[in-house]
Amino acid sequence: MRKGRETLLTLLEAFVYDPLIDWTVGGEVLAGTTFGALNTDMTSKQSKKELEREVTLAMFNVRCTEMRAEWNENKEEVLNEIPNIIKNLNEYLELNSKVAEIEDKLQDLHQQLALIKEAEAQGAHNHSLYSLPSHYDAYHKSQISVNNAKSELRNIIKESEDHVNIYSKLFILYDTQQFSQWLMDVKINITEDSMRIFDLVKEFLHNAGKNDVITQCERSEQEVFQLLQLLNISVRKCLQIYQDYFLILTQCPKSYLDSHRIYMYIKWSKFLLETHDFASCDVIYEQLREFLDNSALMHPQIVTVAYNLETFYKDNLMNVNKLFGDLEAIRSKDSNESLEKVYKDAKAGINTFINMEKGAVSALEFVIASELVLLNRNLLTLEIAAQRSGDWLIKLTSRDGDWFLDDLLLHSTKAVEMISNLPTLKQTYNESFYKVLSGIKIASNIYKGLYDLNFNFHTIILLETMKKMQAEEPSVIELVNDLNKVVADIGVSIPDMIGQLEKLLTCVLMQMDYNNTYDFILERVAFTKKQFLTLIPNQSEMLSQGKMLLMGFNGLFDKLSQEITNLTNTLGNLDIPKSWKRLDHVKDARNIAPHIFNVQVRNLLEDIFFLKRLKTIVEFFGLVQEMCQSLKGIGSGIIFSDEQLTKPVKQFIAEFISRKLLGILPEIITYSVCFLLQNLGLDVTHEIEQKDIGAESKVPLDELYTKAYSILLKDGIFSQNILSQASSLETNLKLAWEKIQEPKKIEQKLTVLQSSTLRLQGQLAVHNMMFDEVLKLQNFSSVRTKFTVDIQSEVNNLQSIYRQLVEAKNNQEKLIEKADQRLNWAKGANPNVVEISAAFESAVANRNAQLDLGLQVANHILSSCSTVLKHEFLRSSNSEVTKEHDKIFLKAFETWRLACQYIDSKTESLSPSEESILKMLTPDLVSDAKWLQKVSETLTDTITMGQKELIDKREASFTDVENLVSMMDNFKTIYNIHGKLISDVKGLMKIMTKIEEYSVATQYFMQEYRLYIDHFSSLFNHFKKDLNKEEIQVLLNHLFYIRDHTETIYENLLNLESAQKRAQLIKQKLFSESLEKSVPQKQETGSKGQQRNAYAVNVWRRVKMKLEGRDLESARKSSVQEQVDHVIREATNLDNLALLYEGWTPWV
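If you're matching positions, the sequence shown starts at 1 in the UniProt record's numbering and goes up one per residue.
In structure tokens:
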């Protein structure tokens, strides 16, 4: 049986799949067969399909489990073998390169030797080779010229790189916040006591009769203290100037920073040294001419951009100053503390009222209900106005000029404040009331989330995106390209997709039939979501600046989605009496409300707003890119206003409110009023049903409230006096709360305007820095000039103070030394002096630490200032420093160009072999009559050595080839094992591609796997004993691919069954029909099917393991002898005696 085990397993597998076989374990038989009409219903085909599916998956799982150990072992063997093959291939490649190099060299040497032999055979004056000594002087002079030119270029490279290193270190100090740290460390307000180190020894010196020394010490202390104060002030000013300067540079485009003369000198000099020909000089000359040509910088667009930026900046600055004035006017009347105190006092008054007065709780609830009615009326007016605005909603503002979102947020926040003022929630409040109150808070959170989206976008996202895009941050540029690719890969424009989804939404709302053409759009949406989510980093990833930007931006949108889900979950199953929905506030709210509580509608809206989110992000990045191009002096030259830059986000917010929020909050506030009145004892349902609802089928909420007032007052729920007190206290609390909101509102506006002003100020400074020479001609203030003048002036001041302080410190150290010397003399006679001496040394050490810090920072500034100034002077084409450096480079360039021209002209008449022989000549050989013979001898010796080296290298190469052949054979063996293992599951995977929820994952795996094994095949096919460089590179590429994908392929196979099921189309979530109810008999049949399937698979698995010798240990194949011993041991075991009657049972 073991020899024909494949046949046996195939038959057994067919047996397992046979639908006529019932593998159910019964009480009377082990397994039976069922024929014919047991399953004549319509589910028989489905049962067969399910049987095939379940058995396939179970068998796949079993086979993966069985081969897991060998599979992982094979993976490790593959991964361990690849580095060795790569290493040997690289060594072989390197060795072959050396062999080729030696062969080329020997070929040249043989040609030179043959030329010499030819000249010797023809004799003197009959061969051109004898004229080489006459060329030597010219050649020698040209070499000197070349060496001099090389030296000049290398000096330029060295000086430039030294400059760049110092300048780069300053950039690093700024990036690592070192300047900020120094600003904190270097204090202006140094205590004079910390500088008075001689106070400890004054008495001692006075007793010693050294009053003149005391006077000197006091003067020294005062001088050092004053100079250190001046030094620290100057250092702080210099550091602040540095910070402002580097802040501007970090926002400059990388292309601008890299186009500095210093970097160009390095680039051009290295290129000249690498090329060694006259043609390269022409290339550099053209680049130099373009670099020095300023005509391109005179484009009028540059000036226009500067004017626009300055105009926006001044307008914003004026608005900022106005808001500061408004805020100051409010604060001058009432400070934040006083407003908070009034609010707290009002809260305390209400609490006292509740605890002291009978009926106070009910009166307060009634008053809050009254306030909610009034608030809801105003809120409905706002929301109806917003709904009627349609596409112009983005421009809807209040009388004060505030955007409509600000008013909606204020009303929703006020509603939350009102319900939070309710007395401690009673036990009588039912669950629905709790849900309504929770719904009000969640709706307010959504408005707060929308406000945060607008606010954080304006103050963070816009600011950071503009900075990073201006600076050409690679990760941000890559992010924008990736987003554009996601949009391009859709294959349909986003507006078209949204249009199609809107049509589908209309069909759903009207309960109309829809055709299958929408499947494609739904599939595209699912695909786009998946692609977009790949750009969002997970928590374990290292975040680049681009990833952080996208994660922060997308997080603002995600928060809205989460809150909407919370809202629908909270209010979706709210139990509200039908009669309450007749109230006018409810009906008005429902007329403008979206159908977000309908699952199908909500899911479609989620898709629509995902596309709108993507469109918003892409549009915003596009605007920023276009504006950054204008700042660089290219592109359209457009400078967008804040309104234009924020339009995509504001458009999203307006549509979100219109399509998802309008009407929801007014409706649930109305319900909260009803619940409050009902809890006070009013039969709200009865009162509504008793009303004459009129032609509009509406019951006015105001009339219901008025009726409640009469009834509750009549029933004695509260008295008129108590109600008046409650109303007065609630009004005080409301006014106090509103007064607190007023300065907060101005502060938020101020924050937005300040962030915009800072951005424009930075952009204006960057543009000014880049086009300084052009803008100075148009009377713009020069940022570069201001920086250079400020830093020069302050550094000169710092230098003077630094010298004085160092001199004063040195003089003071002499006095310290004298005092210390006298203390040491007196230690022996007076033990108290020991303590004085120790304290003195400690005070000196502390003072020196503070002094040295200031001097160290000052020294760093002084040493780096010249580099920074030189760097900025070199940006100006008119400065003396620039002219001097250009002159040095042009001189070196001209020397190199002449040297190259001279060499080319002198060597044109010489063959390569003659030129090589000429290079071997020396002054001694030129004057030697036997120079040709001596050159011949040198060549012969060199050839002999080269041939010996070539033989050694070829022998080493032969050894390497043998090693490679051996390694590749071993690798083939490992691959064959891999093929044998995969063959066990290949057939099952083909079946799995037909199983719906596994088809996508399996097909994707098989596609990747085919590509993976193709690299193995190509690797083995291309390998041979004689390999050239290109062939080796091909082999390395295959190995690199195999190495990089092995882990994934091996893991994905084992995880295939548990892998993510196919991407569910949204249509299936939205429109799937409810499952048909199954009759009990069918359920029983399905259960039995699963039972027999499990038993069948178990039988098949045990048979297979027995045939492979794995029945003892599944992870190891047992030997034949071990299996025989086991069977005998089991058969003779008394515990298994009963099983012997079942002949084949012990075997399996």
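Beta carbons are placed, not taken as given, at the ideal position from N, Cα and C, and that holds for glycine. As the structure is a prediction and not an experimental result, all values here were calculated from the model.
At least 8 Å separates the beta-carbon of M548 from that of I536. For W182, the uninterrupted alpha helix (DSSP H) segment begins and ends at 178 to 185. Secondary structure note for M512: it is in no alpha helix (DSSP H), with a DSSP letter that is neither H nor E. Scanning the stretch 581 to 627 for uninterrupted alpha helix (DSSP H) segments of 4 residues or longer gives 584 to 592, listed from N- to C-terminal end.
Of the other Cβ atoms in all chains shown, fewer than 16 fall within 10 Å of the Cβ of F958; this residue is therefore exposed. For the pair of segments examined, the stretch 321 to 338 was found not to touch the stretch 767 to 776: the number of CB pairs separated by less than 8 Å stays below three. Setting aside the 5 residues that flank it on each side, V649 is surrounded in the same chain by L453, N454, F457, T616, F620, each with a C-beta closer than 8 Å to its C-beta; the list follows chain order. Note that the C-beta distance between L408 and Y447 is below 8 Å. Out of N74, D406, F893, the CA that lies nearest to the CA of T973 is found in N74. One thing to note: Y975 has its Cβ within 8 Å of the Cβ of F1016.
Taking a C-beta distance under 8 Å as the contact criterion, V320 and Q754 qualify as a contact pair. Classified as exposed, P300 has fewer than 16 neighbouring CB atoms from the shown chains inside 10 Å of its CB. In the DSSP assignment, V699 is bridged to L583.
Annotation: the stretch 616 to 686 contains the following complete segments of the alpha helix (DSSP H) (minimum length 4 residues), in chain order: 642 to 656, 664 to 679. Here R236 is not near L288, since their CB atoms are 8 Å or more apart.
At a Cβ-Cβ threshold of 8 Å, R602 and T568 count as neighbours. Only buried fits N232, as 16 or more other CB atoms lie within 10 angstroms of its CB. Where Q545 is concerned, the enclosing alpha helix (DSSP H) starts and stops at 545 to 571. Per DSSP, the beta bridge partners of W403 are T397.
Taken through DSSP and simplified to helix, strand or coil, D715 comes out as coil.
Taking a cut-off of 8 Å for Cβ pairs, the stretch 101 to 109 and the stretch 933 to 948 touch, as three or more such pairs fall below it.
The beta carbon of R613 lies closer than 6 Å to those of F557 in the same chain, with the five residues before and after it left out. The shortest C-alpha to C-alpha distance from K467 to any of S756, N84, T785 is the one to S756. In the three-state DSSP reduction, C865 falls in the helix class (H, G or I). CA-CA distance, T993 to E66, rounds to 22 Å. N430 carries a coil assignment under DSSP once its states are collapsed to helix, strand and coil. Looking at the backbone, the Cα of V1000 and that of G762 are separated by about 51 Å. Boundaries cannot be given for C252, as no alpha helix (DSSP H) includes it and DSSP labels it neither H nor E. Across the structure, I494 and Q778 are spaced so that their CA atoms are roughly 44 Å apart.
The alpha-carbon of P253 is positioned some 12 Å away from that of H260. Cβ neighbours of L422 within its own chain (closer than 7 Å, five residues either side excluded): E365, I368. When C-alpha distances from N165 are compared across K953, H871, D1125, the shortest belongs to H871.
With fewer than 16 other CB atoms across the displayed protein chains lying within 10 angstroms of its CB, R399 is exposed. The continuous alpha helix (DSSP H) containing T1002 extends over residues 996 to 1022. Around the beta carbon of K1025, a 10 Å sphere encloses fewer than 16 other beta carbons of the protein chains shown; the residue is thus reported as exposed. Beyond the five residues adjoining it in sequence on each side, L713 comes within less than 7 Å, by CB distance, of Q720 in the same chain, given in chain order.
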